[in-house]
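Everything in the sequence shown is counted per this note's numbering, starting at 9 for the first residue and increasing by one. Built from N, CA and C at the ideal position, the CB exists for glycine as well. Model, not experiment: these values are computed from the prediction. Below you'll find the structure, written out as structure tokens, and then a few comments.
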Amino acid sequence: MKAAVGKRKVLVGVVGLIAALLALFFLWPLAESVRGAFTDPSGRPTFAYVAAVFRNPIYLEGFRNSLAIALCATVIADVVGVGIALLLDRCEFPGRRWLGALVPLPLLVPPFVGAIGLKQLLGRFGALNALCVRLGIMDADRPIDWLSQGRFAAVVLLTALHLYPIVYFNVQAALGGVNVEMEEAAASLGCRGFRRFRKITLPTILPSVFAATSIVLIWGLTELGVPLLCDFSRVTSVQIFTGLKDIARNPFVYALVVIVLGATVVLYVASRWLLGRTRPAFAAKGARRRRARRLPPFAGFWAGAALATVVGAAALPNVAVGLLALAKDWYGTVLPSGLTLDHFRAAVSHDMVIPSIGNSLRYVALSTGFDLVLGTVIALVVVRARSPGAALLDAAAMLPLAVPGLVMAFGYLAISREGHPLSFLNPARDPTGLLVIAYAIRRLPFVVRSAAAGLAQIAVTLEEAAATLGAGPLRTFFAVTLPLLAPHLLAGGVFAFALSMLEVSDSLILAQRPATYPITKAIYELFQLLGDGRQVAAALGFWAMLFLIVVIALARSLLGRKLGNIFRL
């Protein structure tokens, strides 16, 4: 009896500590962001700032553009992600294995790095115009500025091609749970083709599609790096970023943050409501796994060609980044006029680069370590403790997925201003504390999901057997549970580490001095320099891409199809 009471007290204490941490570093920054939009300089409540935003045509245009970018990018990401997941799950064709391994790569590279390559391809004197001039379909004296006339389309495509792997991961994981016997029974009754997909397969995978869609919508709505580098200033995220320079005299920045937060809350609530309405009644997994059907040679060729086209289109901006980093000169020509390693050497020797790499490694290592500890504890409470508040704790841990990094970064600035209790974390002096906290909170859901999935697969009887042999809870955890859980923790930790290394919003906003810049802020600042700044930025971005490709390959090898589960809200 005393042991049970003691366990209950420990559980209550652990849950209380976790709740306090989430309240301090998640809810409080959100509250500060909201408060600034509804109080005037004298501290009195006001709705004037929010109302003024809706009366300002520039701010309204920015929000409409942001919403349009999010919707268009989500539609493209859904179509591409679901289509690729179905193709790779159901069909066997030449090149399927290698092309399938390349599908997740766009998620690893921040689209703002790809934007560097896209500007090189679509600029007035870029590769596309050079090709058109060579083919005789464009006057060399009157080149088209594709980005100036099509910035919206460029931002949409880069965002969609960056985020479609989220849809792919979710649907791929869901297809692994489709009841094969149910589909075969439907086929034997004459329900085939698209009708069988609509009646049997789609209801099973629909919750995963909606879950992925909500994440893509939210990320697309608040994308900062791509419109920033594409010079597309009429979007809310860029308006907030530029407004931070005059935040003391510009309260409308707070109002813009509140409007973005409100939009994401609406999207999140709508997605949860739809998820609740789309739970299939026949979700039980069948006894057999599906075997991919080998396509006839002609159909297999076109399936491989279609997949290669999507993978190639997603990789093209990043290939351009690599070529730009290697180019002696690439101005008005289809391909670089020569290759050199000088830009890589310049990147390594630049005063800003080496410190930025060291800074990023320090920030991300600390945040990932924090996530592994806190994520494991939350997963243990949710999966093993079965306390009444477990579901609420799980939902709270996943909420950072539904809150834009732009909003969180703004909130961290608000709570660390002079005169506030956390003013010692002011990023103007040293952003280490806030960046570690920001990275950790943003990536905590991935570690929680990965740890929870691992615990669900570990038989409780093994832990009970250790307890019967006299092992206490801590010894049981370290001797039995942790070794079995380690691959899942490693995969979740690696994924959190990779995404944090090239985090955009937090890095651009919170790092304010060159000596403290992480990699992404260094890339952005180098890109602004005259001379070879763009090539040096491309070289640093290329090194970052290679690093993340290796990291995600490790995570994928550990989790396989279950990698999609870490993106579930």
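If you count every other CB in all the chains shown that lies within 10 Å of the CB of residue i, and 16 or more means buried, which is it?
i	result
phenylalanine 177	buried
alanine 289	Any reading at alanine 289 must be qualified, since the residue scores a pLDDT of 46, below 50, and its modelled position is unreliable; the value itself is stated next. Alanine 289 should be labelled exposed.
serine 345	exposed
valine 558	exposed
arginine 542	buried
valine 327	exposed
lysine 127	buried
glutamate 426	exposed
serine 515	buried
alanine 295	Note that alanine 295 has pLDDT 48, beneath the 50 cutoff, so the model's placement of it is unreliable and no number is given.
aspartate 86	buried
alanine 56	exposed
arginine 450	buried
tyrosine 339	exposed
alanine 335	buried
glycine 549	buried
isoleucine 423	buried
proline 486	It should be pointed out that residue 486 corresponds to phenylalanine in this sequence rather than to proline. Phenylalanine 486 should be labelled exposed.
tryptophan 227	buried
aspartate 97	buried
proline 235	buried
alanine 28	exposed
alanine 271	buried
threonine 524	buried
lysine 6	Here the chain comprises residues numbered 9 to 577, so residue 6 is not present and cannot be evaluated.
If contacts are defined as beta-carbon pairs under 8 Å, then residue i and residue j qualify, I think. What distance do you get, rounded to the angstrom?
i	j	result
threonine 244	leucine 264	6 Å
tyrosine 371	serine 41	In fact, because the Cβ distance is near 22 Å, the residues do not count as touching under 8 Å.
isoleucine 386	leucine 400	Not a contact, Cβ separation roughly 11 Å.
alanine 182	glycine 89	Going by Cβ atoms, the distance from alanine 182 to glycine 89 rounds to 11 Å, so no, they are not a contact pair.
leucine 171	alanine 81	7 Å
leucine 107	glycine 312	7 Å
valine 224	valine 175	7 Å
alanine 448	phenylalanine 378	5 Å
valine 389	valine 23	6 Å
proline 363	leucine 443	Wrong, their Cβ atoms sit about 14 Å apart, outside the cutoff.
arginine 301	cysteine 99	6 Å
Residues bridged to residue i by DSSP?
i	result
alanine 335	Leu347
threonine 47	Pro53
glutamate 100	Arg302
With a threshold of 8 Å between beta carbons, is residue i in contact with chain D?
i	result
phenylalanine 535	Although the question refers to chain D, the structure presented lacks it and comprises just one protein chain.
Cα separation between residue i and residue j?
i	j	result
valine 329	glycine 125	4 Å
glycine 131	phenylalanine 218	36 Å
isoleucine 26	leucine 349	49 Å
alanine 60	valine 361	42 Å
alanine 405	alanine 138	50 Å
proline 151	phenylalanine 432	53 Å
leucine 324	alanine 278	34 Å
phenylalanine 101	proline 304	8 Å
leucine 19	alanine 168	42 Å
alanine 322	valine 121	13 Å
threonine 212	phenylalanine 205	10 Å
phenylalanine 454	leucine 497	10 Å
phenylalanine 34	glycine 413	11 Å
aspartate 153	leucine 136	10 Å
arginine 63	proline 439	35 Å
alanine 193	leucine 554	46 Å
isoleucine 208	phenylalanine 202	10 Å
arginine 437	arginine 353	30 Å
valine 488	valine 456	19 Å
tryptophan 551	isoleucine 365	11 Å
leucine 534	arginine 159	22 Å
glycine 615	proline 119	The chain is shown from 9 up to 577; residue 615 falls before or after that span and cannot be answered.
Looking only at its chain, what residues have a beta carbon closer than 6 Å to the beta carbon of residue i, apart from the 5 residues adjacent to it on each side?
i	result
glycine 70	Arg242, Val243, Thr244 and Gln247
alanine 161	none
threonine 376	Gly501, Ala504 and Phe505
leucine 463	Ala387 and Val391
tyrosine 67	Val61
valine 105	Per the sequence presented here, residue 105 reads as arginine, with valine not at that position. Excluding residues within five positions, none has a Cβ falling inside 6 Å.
leucine 269	Val415
glycine 21	none
Within a Cβ cutoff of 7 Å, which residues of the same chain sit near residue i, ignoring the five residues on either side of it in sequence?
i	result
alanine 446	Met416, Ala417, Tyr420, Asp514 and Leu518
alanine 93	Tyr176, Val179, Gln180 and Leu183
leucine 477	none
proline 408	Phe34, Ile449, Arg450, Leu452 and Pro453
aspartate 540	His351 and Ala354
Between which residues of its own chain and residue i is the CB-CB distance below 8 Å, once the five residues before and five after are set aside?
i	result
leucine 493	Thr384, Ala459, Gly462, Leu463 and Ile466
threonine 341	Ala135 and Ala138
Consider the C-beta atom of residue i and the heavy atoms of the ligand ADP; say whether any pair is separated by less than 7 Å.
i	result
leucine 35	No copy of the ligand ADP appears in this structure; indeed no ligand is present at all.
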